[in-house]
Amino acid sequence: MSVKAENVTRYYGRQKALDEVSFQVREGEVVAFLGPNGAGKSTMMKIIACYLPQSSGKVSVCGHDVNTHPLKVKRQVGYLPENNPLYADMYVEEYLGFVAGVYGLGRKRKMRVEEMIELTGLTPEYRKTIGTLSRGYRQRVGLAQALIHDPKVLILDEPTSGLDPNQLTEMRRLIREIGKKKTVILSTHIMQEVEAVCNRVVIISHGRIMADAPTSEVRLLNKASRIIWAEFDKEVDAERIKEIEGVLDVVKEPPAGYRIFTRTTRDIRPDIFRFAVENNCVLLTLEQQEESLEEVFRQITIKPETGDI
Ligand code: ADP
Ligand code: MG
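If you count by my numbering, then the sequence shown holds residues -9 to 299, one letter each, in order.
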């Protein structure tokens, strides 16, 4: 097992940022931590990379415990932190040489730097200072420094945030390429990113794992479900809406709005219309909504049998 987390909890003061998180990543997998801001993704990544201790629980990388063997772990882990802090005044080549030195690469240093410049597509820019690079190229420098000691596991915290569409495509391609040879954990809050790059997705929300599934399953789940927003001229019985075939859950938004979660490939809007007629009320709004990530979470975590979360 490349990465193994068992019941990991982390507090910041009294705030619980991670709550009994357990998951495993096998060698060669490309896994996404998907979750909204504040979910605990960065915290989990820092713990794996030995930058932050957990409050309780156990984490190991390639069989080495992060608490008892941090140096062995660091040798196996490449880490690209969120916001990619780099030395703006250093030249690309100089910076990578510096990082290689920190890892004690010795004689291999120059060769490794050249290889990384080539691999990450930095060749046209490597004689510039980091501060003058575009965000896309700066992310490549971040990737190059994470890879320089040839780690088995790569931890990439929001590697595509702030990139323009071209840079984004290029960065995803690079990660896919690197993922053929390494175990990768990346964090994102974009569903499409998961679909473009990862085999598996671990969904995190409020410090807890909400789902852990192959990307293909999450995609199916996502497509097979819809959210309908219906607004009536007066209150109706939400329990009666739940009786409509395919409806999983109904959330009332006063005065008489209803967010209707459905898991069906059938369009249930005609049923809602009939429901209004049968209940002698007027349907003021009826629309199918774009799914935000929060809503996808909600659906993923609804139990199909009961509609409960
Ligand atoms: P994510 O990366 O998913 O956005 P984080 O791991 O950064 O989430 O944060 C999880 C929670 O922990 C958030 O509520 C955040 O405010 C809190 N948090 C993160 N880092 C610190 C810190 N250094 N001190 C205090 N609270 C923190
Ligand atoms: Mg984060």
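Here a beta-carbon is modelled for each residue, glycine too, at the ideal position from N, C-alpha and C.
C-beta atoms of ARG166 and VAL187 nearer than 7 angstroms: By one-based count along the sequence shown, residue 166 stands at place 176. By one-based count along the sequence shown, residue 187 stands at place 197. Inclusion of ARG166 and VAL187 in the CB contact set at 7 angstroms is warranted, their separation being smaller than that value.
Cβ-Cβ separation, GLU84 to TYR147 (assumed contact under 8 angstroms), whole Å: As a first step, residue 147 is located in the sequence shown; it is residue number 157 there, counting from the start. As a first step, residue 84 is located in the sequence shown; it is residue number 94 there, counting from the start. It is Asp, not Tyr, that sits at residue 147 in the sequence shown. Cβ atoms of ASP147 and GLU84 stay farther apart than 8 angstroms, at about 24 angstroms.
Beta-carbon proximity of ALA203 to GLU225, cut-off 7 angstroms: Here the question's residue 203 lines up with position 213 in the sequence shown. Here the question's residue 225 lines up with position 235 in the sequence shown. Between ALA203 and GLU225, the gap from beta carbon to beta carbon reaches 7 angstroms or more.
Simplified DSSP state of SER206, which is helix, strand or coil: Start at 1 with the first residue of the sequence shown, and residue 206 comes out as number 216. In the structure shown, SER206 falls within a helical segment according to DSSP collapsed to helix, strand and coil.
Range of the contiguous alpha helix (DSSP H) that encloses VAL92: Taking the sequence shown and counting its residues from 1, the one referred to as residue 92 is at position 102. For VAL92, the enclosing alpha helix (DSSP H) stretches over residues 82 to 92.
LYS6 Cβ short of 6 angstroms to ligand 1 heavy atom set: Stepping through the sequence shown from its first residue, residue 6 is reached at position 16. No, Cβ of LYS6 sits at least 6 angstroms from all heavy atoms of ligand 1.
Classification of PRO294 by the beta-carbon crowding that lies within 10 angstroms, buried from 16 upward: Counting from 1 along the sequence shown, the entry for residue 294 is found at position 304. In this predicted model, PRO294 has a pLDDT of only 46, less than 50, meaning its place in the structure is not dependable; the value taken from the coordinates is given anyway. Exposed, by the Cβ-count rule.
Cα-Cα separation, SER151 to ARG130: Taking the first residue of the sequence shown as position 1, residue 151 is located at position 161. Taking the first residue of the sequence shown as position 1, residue 130 is located at position 140. A direct Cα-to-Cα measurement between SER151 and ARG130 gives close to 13 angstroms.
As assigned by DSSP and simplified to three states, the class of VAL267: Here residue 267 is taken as the residue at index 277 of the sequence shown, counted from 1. Residue state, collapsed to three classes: helix.
Other residues of its chain near GLU243: CB distance less than 7 angstroms, five sequence neighbours each side excluded: Within the sequence shown, residue 243 is the residue found at index 253, counting from 1. So the list reads ARG249, once near-sequence residues are dropped.
Beta strand (DSSP E) runs wholly inside the stretch 117 to 176, at least 3 long, in chain order: Unbroken beta strand (DSSP E) runs of no fewer than 3 residues, entirely contained in the stretch 117 to 176, are found at 143 to 147, following chain order.
From LYS171, ALA(-5) and GLU19, residue whose alpha carbon lies closest to that of GLY53: The residue labelled residue 53 in the question sits at position 63 within the sequence shown. Nearest to GLY53 by alpha-carbon distance, out of LYS171, ALA(-5) and GLU19, is ALA(-5).
Contacting residues, own chain, Cβ-Cβ under 8 angstroms from ILE199 (five flanking each side not counted): Locating residue 199 in the sequence shown gives position 209, where the first residue counts as 1. Closer than 8 angstroms at the Cβ level, and outside the excluded window around ILE199, lie VAL11, SER12, PHE13, VAL192 and ILE193.
Residues near GLU221 by beta carbon distance below 7 angstroms, same chain, minus five either side: Here residue 221 refers to the residue found at position 231 of the sequence shown. Only ALA246, GLY247, LEU274 and THR275 meet the Cβ criterion.
Continuous beta strand (DSSP E) stretch holding ARG253: start and end: To locate residue 253, count along the sequence shown from 1; it is residue 263. Run containing ARG253: 247 to 253, per the beta strand (DSSP E) assignment.
Any non-hydrogen atom of ligand 1 within 6 angstroms of GLY25 CB: Taking the first residue of the sequence shown as 1, we reach residue 25 at position 35. In this structure, ligand 1 has a non-hydrogen atom nearer than 6 angstroms to the beta-carbon of GLY25.
Rounded separation between LEU238 and ASP227 - CA only: Along the sequence shown, read from residue 1 onward, the residue named residue 238 stands at position 248. Along the sequence shown, read from residue 1 onward, the residue named residue 227 stands at position 237. Cα-Cα distance, rounded: 15 angstroms.
Given VAL(-7) as reference, the closest of ALA39, ARG4, ALA29 and LYS31 once Cα atoms are compared: On the sequence shown, residue -7 is found 3 positions in, with the first residue counted as 1. The candidate whose alpha carbon is nearest that of VAL(-7) is ALA39.
Status (buried if at least 16 other CB within 10 Å, exposed otherwise) for LYS256: Indexing the sequence shown from 1 puts residue 256 at position 266. The question names Lys, but residue 256 is Arg in the sequence shown. ARG256 is exposed by the Cβ-count criterion.
Distance, THR113 Cα to ARG16 Cα: Numbered from 1 along the sequence shown, position 26 holds the residue referred to as residue 16. Numbered from 1 along the sequence shown, position 123 holds the residue referred to as residue 113. The alpha-carbon separation between ARG16 and THR113 amounts to approximately 33 angstroms.
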